[in-house]
Amino acid sequence: MSETEHIGVLDSGQKVTPEDIRELTGAVTPHFAQQVRVRVGRLIADLDPSDPARIFGEREMARLEGLAHHSGQPGPEQAH
């Protein structure tokens, strides 16, 4: 899907929920993290800053930003 294509809930007029965000971001690979981050941003853009979906969406956007810079390759083994 391109960024110009609609996201079902975005065009449906339904209230965005944290579950909507979770469904979108749950199994994202580093390769697609930036695209999904942009979509989440579009979903939460008009929500009140205190809305649970917005709060969760902002957290997921930060996580996706970090994931986008991950190669997907395991790093050096760390001592626990």
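59 is the number that numbering that gives the first Met the number 0 gives to position 60 of the sequence shown; each next residue is one higher, with no gaps.
We put the beta carbon where it would ideally sit given N, CA and C, even for glycine.
Note that the structure is predicted; figures quoted are calculated from it, not measured.
Taking 8 Å as the cut-off, decide whether the C-beta atoms of residue 52 and residue 17 are in contact. Yes, the pair counts as a contact, with Cβ atoms nearer than the cut-off.
Nearest CA to the CA of residue 35: which residue from 59, 55, 46? Of the candidates 59, 55, 46, the one whose C-alpha sits nearest the C-alpha of residue 35 is 59.
Ordered along the chain, which non-local residues of its own chain (more than five positions away) have a Cβ less than 7 Å from that of residue 46? The residues are 15, 52, 53.
Three-way DSSP call (helix, strand, coil) for residue 24 in this model: In the three-state scheme derived from DSSP, where H, G and I count as helix and E and B as strand, residue 24 is classed as helix.
Please decide whether residue 28 counts as near chain B, where near means a Cβ-Cβ distance under 8 Å. The chain labelled as chain B is not found in the depicted structure, where only one protein chain is given.
Ordered along the chain, which non-local residues of its own chain (more than five positions away) have a Cβ less than 8 Å from that of residue 39? Sequence-distant partners of residue 39 (beyond 5 residues in either direction) whose C-beta falls short of 8 Å from its own C-beta, in its chain, are 20, 23, 24, 56, 59, 60, 63.
Measuring alpha carbon to alpha carbon, tell me which residue in 12, 33, 13 is nearest residue 67. Restricting attention to 12, 33, 13, the CA atom closest to the CA of residue 67 is found in 33.
Suppose the cutoff is 7 Å on Cβ atoms and the five residues either side in sequence are ignored; what does the same chain contact list for residue 69 look like? For residue 69, where only same-chain residues beyond five positions count, the Cβ hits under 7 Å are 29.
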